[in-house]
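Same order as they appear, the protein sequences are chains A and B. Positions 6 to 316 (the numbering used here) are the ones given, in order, by the first sequence. Positions 387 to 707 (the numbering used here) are the ones given, in order, by the second sequence. In this text, a Cβ means the ideal position worked out from N, Cα and C, and glycines have one as well. Heads up: the structure comes next, in structure tokens.
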Amino acid sequence: MDWGQLWTIASAPDNVPIVALLFLVPFFTWMGFKQARANDRLAEKLEADPAMAKTHHRKTWPWKPHWSKEVHVWPFLLRVEFLATIIVTVLLFVWSITLNAPLEEPSNPNLTMNPSKAPWYFLGLQEMLVYFDPWIAGVVMPTLIIIGLMAFPYLDSNPLGVGYYTWKQRKVAVGAFCWGFVMWISLIVIGTFIRGPGWVWFWPGTTWDHNAAVYEVNRDLPVLLGIKTQPWQAVFGLVVVGAFYVAAGLLIHLLITWSKFEKKIFERTTMLQYLVFQFFAISILLSMPVKLLIRQVFRIKYVLLTPWFNI
Amino acid sequence: MESDKPVKTESKAAGGELEAAGSGVKSNIKEEMALLKKKAAKENIREELENLKDPARTQIYKSIFRVKHEPTPRSRSLGVLTNVFLHLHPAKINRDATRFSYTWGMGGITFYLFIVLTFTGILLMFYYHPSKGQAYRDILYLESDVPFGKLLRNMHRWAAHLMVITTWLHMFRVVLTGSYKTPREFNWCVGVLLLVLTLLLSFTGYLLPDDQLGFWAVTVGTNMARGTPGLGHEGPFGPQLGMTPYNDVRFALLGGSIVDANALLRSYIWHCIAIPTIASVLMAVHFWRVRKDGGISGPAPIALTSEMKGPGARAVKQSVK
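This is the structure in structure tokens:
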């Protein structure tokens, strides 16, 4: 166990945000889901007791009938905002006094940094470069993520859960987003803590060896199965990718129609909403981990080989 | 004409006034001296000083704030509504909306960080030349000679990192509370664009110190653009469409085929002018839409599954109003 190496990575000033994320994301996830659980319990209670449902104020926070439902922004909100700005300012000052922004040697095109890493928030994309060619990892995937995020509200046909934390009423939407979010953070963590010189996989705690030799040979699935000529490689790849989309689509369909309530939401979903959701769920949320697995476990690089591009 | 009248009577009286002028001035001065003495009396001065103790009663205060600083509902509402910096807020909000546990405060903090970054960024611009050979020296100069230069640069860097984090957490909260749903779908889209701009702002700033870190990060980042389908010279169908390293989309981003002086200038302009301007416009839309879409989404009373209407119905019946 090389604690020194681990400390070198974790204490690099530019990696501080990732270390912070490792705490912040679980903390806020916990905070959100704690409230979701409380709200779900309240909902269960009210479902069981219609008389109570009619009179209850329907929040988990205390409320008495003579309390006003609204408060003045001045001072009740503004003091919170003021406090927040002060805390952030103090935090920034302390952070800026104790930790210096990194400055390396002057830029030198003749001396490649190893590992040369993108800024931490793009490390997910850089890590994806291992699993996909640059045109997918660097261009198509980011575009799909942005469009998928923008399409998200239009695909969610569930009318419940506006303005309060809940899990039971919105399992599909919350689950899908959390899955993507956790995946994105995980790729960043892999890119930061695990990828060393030459973008080689070094488990946390092992020494980054600049001369590390990688013996695994990456293989292409068609070649592995003895298909060595075009156009059969392309045909075979298309069949495999098509089969993946069908299988993944079935899996996702099962997941989003799991319970009675989920089926009710599914009834409200239009065909267009359903197909677009399937497309993004398969292309972003599933293809990424699947490609990661077949690469890391089976050392398979490409599935679809064509003369112009490979997937 | 009516307006001429006072002029006429004045000229008539002028002769008489001239005669009485000598004694008149004397008595006037006497009267004024008496008045001054009265004003200088201890009680008077004390009262005036007492008044100064309460700035809210001074004319200067009133001229600036227009509204009395009182704990009355009217003053509190007007205090927000008549202030250009505060008027984005409504006068009153949901009593639970001030809870940190609901909003996490991340949207507001993101905006505050944008202000911090603009402030520190403008100060940094005073010391920075976006040219090869000069840029790196400027950073060294900033770190060693400029008073508080190191603090300034550090703060700009860390605030930028923090802004990326707070943007993500803000989005996370919006998803967990279902705040992107009708009627806020469009504002969510504006928010996604702001996320992209935040990342691009951070990324374009990365190259500016012109050190190894920024140079190779931007090299790695822009190399991906070579693979753009149809538009990059290494992308699918790129070469077939006539793309070379000298006319593809990466060339347009860098202003050349390698990360060099033009790339530095381009990222400087994007970083300091173009993206902040676009982001400011989108932020205005974002905040305005928050209000127009009915304020922040909650905390709202929870709806029950049994209250959900059949397919096609848009809204859920809310029995508690």
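Let me know if residue i comes out buried or exposed under the rule of 16 or more other beta-carbons within 10 Å of its beta-carbon.
{"i": "B/GLY591", "result": "buried"}
{"i": "B/GLY618", "result": "buried"}
{"i": "B/GLN626", "result": "exposed"}
{"i": "B/ILE551", "result": "buried"}
{"i": "B/ALA701", "result": "Confidence in B/ALA701 is poor, its pLDDT being 43 and thus under 50, which makes the residue's placement unreliable; the coordinate value appears in the next sentence. With fewer than 16 other Cβ atoms within 10 Å, it is exposed."}
{"i": "B/GLY408", "result": "exposed"}
{"i": "A/LYS50", "result": "exposed"}
{"i": "A/PHE28", "result": "exposed"}
{"i": "A/ILE150", "result": "buried"}
{"i": "B/SER683", "result": "buried"}
{"i": "A/ASN115", "result": "exposed"}
{"i": "B/SER449", "result": "exposed"}
{"i": "A/MET6", "result": "exposed"}
{"i": "B/GLU620", "result": "buried"}
{"i": "B/MET541", "result": "buried"}
{"i": "A/VAL331", "result": "Residue 331 of chain A lies beyond the stretch modelled for chain A, which goes from 6 to 316, so this question has no answer here."}
Distance cutoff 7 Å, beta carbons only. Does residue i sit that close to anything in chain B?
{"i": "A/LYS296", "result": "no"}
{"i": "A/SER16", "result": "no"}
{"i": "A/PHE87", "result": "no"}
{"i": "A/TRP100", "result": "yes"}
{"i": "A/VAL93", "result": "yes"}
{"i": "A/ASN115", "result": "no"}
{"i": "A/PHE182", "result": "yes"}
{"i": "A/TRP12", "result": "no"}
{"i": "A/TRP204", "result": "no"}
{"i": "A/TRP35", "result": "no"}
Checking contacts by CB at 7 Å: is residue i closer than that to chain A?
{"i": "B/LEU690", "result": "yes"}
{"i": "B/LYS478", "result": "yes"}
{"i": "B/PRO687", "result": "yes"}
{"i": "B/ASP597", "result": "yes"}
{"i": "B/ASN648", "result": "no"}
{"i": "B/SER517", "result": "no"}
{"i": "B/LYS391", "result": "Interpretation of B/LYS391 is limited by its pLDDT of 49, a score under 50 that renders its predicted location unreliable; the figure taken from the coordinates is listed afterwards. Not closer than 7 Å to any Cβ of chain A, the Cβ of B/LYS391 fails to qualify, so no."}
{"i": "B/MET549", "result": "no"}
{"i": "B/ALA545", "result": "yes"}
Please report the distance separating the alpha-carbon of residue i from that of residue j.
{"i": "A/TYR307", "j": "B/PRO516", "result": "42 Å"}
{"i": "A/LEU160", "j": "B/VAL561", "result": "13 Å"}
{"i": "B/GLY494", "j": "B/GLY681", "result": "14 Å"}
{"i": "A/LEU229", "j": "B/THR496", "result": "50 Å"}
{"i": "B/PRO595", "j": "B/ARG539", "result": "10 Å"}
{"i": "A/TYR170", "j": "B/ALA689", "result": "11 Å"}
{"i": "A/VAL245", "j": "A/ASN315", "result": "13 Å"}
{"i": "A/PRO202", "j": "A/HIS215", "result": "6 Å"}
{"i": "B/SER577", "j": "A/VAL24", "result": "Checking the sequence, you will find Gly at residue 577 of chain B rather than Ser. Taking the straight line joining both Cα atoms gives about 25 Å."}
{"i": "A/TRP8", "j": "A/LEU26", "result": "21 Å"}
{"i": "A/GLY254", "j": "A/SER292", "result": "11 Å"}
{"i": "A/LYS233", "j": "B/MET629", "result": "29 Å"}
{"i": "B/LEU585", "j": "A/THR212", "result": "31 Å"}
{"i": "A/TYR279", "j": "B/LEU583", "result": "29 Å"}
{"i": "B/LEU587", "j": "B/THR663", "result": "11 Å"}
{"i": "A/ASN223", "j": "A/PHE285", "result": "28 Å"}
{"i": "A/TRP66", "j": "B/THR691", "result": "21 Å"}
{"i": "A/ILE326", "j": "A/PRO139", "result": "Outside the modelled stretch of chain A, which goes from 6 to 316, sits residue 326 of chain A, for which no answer is possible."}
{"i": "B/TYR566", "j": "B/ALA686", "result": "14 Å"}
{"i": "A/ASN113", "j": "A/VAL167", "result": "52 Å"}
{"i": "A/GLY37", "j": "A/ALA58", "result": "24 Å"}
Using C-beta distances below 8 Å, list every residue in its chain close to residue i, excluding the 5 sequence neighbours before and after it, in chain order.
{"i": "B/LEU580", "result": "THR553, ALA665, LEU668, MET669 and HIS672"}
{"i": "B/VAL645", "result": "LEU593, PHE601, VAL604, THR605 and THR608"}
{"i": "A/PRO164", "result": "ARG273"}
{"i": "B/ARG677", "result": "LEU474 and PRO476"}
{"i": "B/TRP490", "result": "LEU555, HIS556 and ARG559"}
{"i": "B/ARG443", "result": "ASN437"}
Using a Cβ-Cβ cutoff of less than 6 Å, which residues in the same chain neighbour residue i once the five nearest sequence positions on both sides are dropped?
{"i": "B/ARG675", "result": "ASN573"}
Within the chosen definition, does the region 293-303 of chain A reach the region 130-148 of chain A through at least 3 CB pairs nearer than 8 Å? yes
Under 8 Å: do the region 605-618 of chain B and the region 183-201 of chain A share three or more Cβ pairs, one atom per stretch? no
Assess, as a yes-or-no matter, whether the region 560-572 of chain B is touched by the region 97-104 of chain A under the definition of 3 or more beta carbon pairs within less than 8 Å. no
Would you say the region 457-477 of chain B touches the region 67-83 of chain A, given that touching needs at least three Cβ pairs under 8 Å? yes
Evaluate the contact criterion for the region 10-20 of chain A versus the region 177-188 of chain A: three or more CB pairs, one atom per stretch, below 8 Å. no
Taking contact to mean 3 or more Cβ pairs, one atom from each stretch, closer than 8 Å, check whether the region 497-507 of chain B and the region 542-549 of chain B are in contact. yes
Mind the definition here: the region 15-32 of chain A touches the region 118-128 of chain A only if three or more C-beta pairs lie below 8 Å; say whether that holds. yes
Okay, do the region 640-660 of chain B and the region 506-524 of chain B touch, 3+ Cβ pairs below 8 Å being the bar? yes
Taking 8 Å as the cut-off, does the region 420-439 of chain B touch the region 22-41 of chain A (at least 3 CB pairs, one atom from each stretch)? no
Under 8 Å, with one C-beta from each stretch per pair, do the region 109-120 of chain A and the region 597-605 of chain B reach the 3-pair mark? yes
Cβ pair count under 8 Å reaching 3, the region 236-253 of chain A against the region 266-280 of chain A: no
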